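Inspection log for the structure reproduced underneath, given as structure tokens.
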Amino acid sequence: INGVKQYVVFTAKSLSGVQASNGKQLWRVGWETGCDVNAATPLVAGNRIFITSGYNHGCALVEVSGSSARIVWQNKALQAHFSSPVLYNSRVYGIGDPGNLVCLEPGSGRVLWQQSGFEKGGLIVVDGMLMAFQGGTGVLVLAKADPSGYQEVGRFTPLGGQSWTAPVVADGKLVVRNKTALACFDLR
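Here you go:
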């Protein structure tokens with residue numbers, strides 16, 4: 001960020017930049033939820049960082065300049081309890097309470113679309129497609145990663161039951177898990 005190799009760290013009460021070479025805190029901005037939980041991974045793009053938390057807190061865009069950081073905007077459009085959002089083609093896709101899959105414009109925080117029914121599921125983007133779990137039922141949904149609107153392409157139930165963990169795709173294989181099992185499917 002700004003030419004300095006650093007780690008972006010979410011703690012219970014803040015977001016910080018830590019210098020990679022010596023662990024020195026470079027900047028910090030407060031971000032507190034009612035339960036001191038900030039579990040979703042921050043998304044870094046240049047000197048801007050998208051963050052989101054559950055517990056009715058919301059999301060924000062943080063801008064870093066030298067040794068200071070400030071919140072550019074903040075809203076409740078995406079309240080990711082723990083599922084990390086993804087940044088794809090300059091758009092953020094994420095699943096947050098109360099169970100919405102959301103596409104938003106990170107520069108402004110404007111919601112481009114949202115779709116209900118995803119209860120704490122994890123998601124990834126592969127080849128321009130969202131693979132998102134409906135967390136309560138274990139249905140895996142395939143939808144276009146398109147900011148113009150929600151466009152579902154297909155769905156299947158690999159294991160069923162509570163499936164909060166994001167799917168993984170590697171080497172032509174899909175790896176999924178629920179509370180009790182792990183499975184691998186060949187996508188070729």
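Residue numbers (the working numbering): 1 to 188.
Beta carbons are placed, not taken as given, at the ideal position from N, Cα and C, and that holds for glycine.
The structure displayed is predicted, hence computed values, not measured ones.
Terminal residues of the beta strand (DSSP E) in which residue i lies
i, result
"residue 58", "58 to 65"
"residue 88", "86 to 88"
"residue 78", "First-last for residue 78: undefined, no H or E at that position."
"residue 7", "6 to 10"
"residue 100", "100 to 105"
"residue 96", "91 to 96"
Residue i classed as buried or exposed, judged by whether at least 16 other C-beta atoms fall within 10 angstroms
i, result
"residue 156", "exposed"
"residue 178", "buried"
"residue 22", "exposed"
"residue 93", "buried"
"residue 66", "exposed"
"residue 182", "exposed"
"residue 153", "exposed"
Member of the options whose CA lies at the smallest distance from the CA of residue i
i, options, result
"residue 68", "107, 48, 53", "48"
"residue 231", "62, 144, 113", "In the structure displayed, the chain extends from 1 to 188; residue 231 sits before or after that span and is not available."
"residue 166", "36, 125, 111, 143", "125"
"residue 114", "121, 108, 104", "104"
"residue 162", "138, 184, 144", "138"
"residue 147", "110, 174, 140", "110"
"residue 97", "13, 59, 50, 28", "59"
"residue 73", "95, 31, 140", "31"
"residue 118", "108, 142, 112, 106", "142"
C-alpha gap between residue i and residue j, whole angstroms
i, j, result
"residue 79", "residue 128", "23 Å"
"residue 87", "residue 133", "17 Å"
"residue 191", "residue 81", "Residue 191 lies beyond the range of the chain shown here (1 to 188); nothing can be said about it."
"residue 77", "residue 83", "15 Å"
"residue 188", "residue 40", "31 Å"
"residue 100", "residue 33", "19 Å"
"residue 171", "residue 184", "11 Å"
"residue 85", "residue 145", "13 Å"
"residue 169", "residue 70", "35 Å"
"residue 2", "residue 159", "44 Å"
"residue 106", "residue 180", "35 Å"
"residue 51", "residue 186", "33 Å"
"residue 38", "residue 13", "8 Å"
"residue 90", "residue 19", "26 Å"
"residue 35", "residue 122", "21 Å"
"residue 150", "residue 130", "10 Å"
"residue 135", "residue 108", "28 Å"
Entirely enclosed alpha helix (DSSP H) segments - the segment 30 to 56, minimum 4 residues: none
Ignoring anything shorter than 3 residues, give me the beta strand (DSSP E) runs that lie fully in the segment 107 to 131, in order along the chain. 110 to 115, 123 to 126
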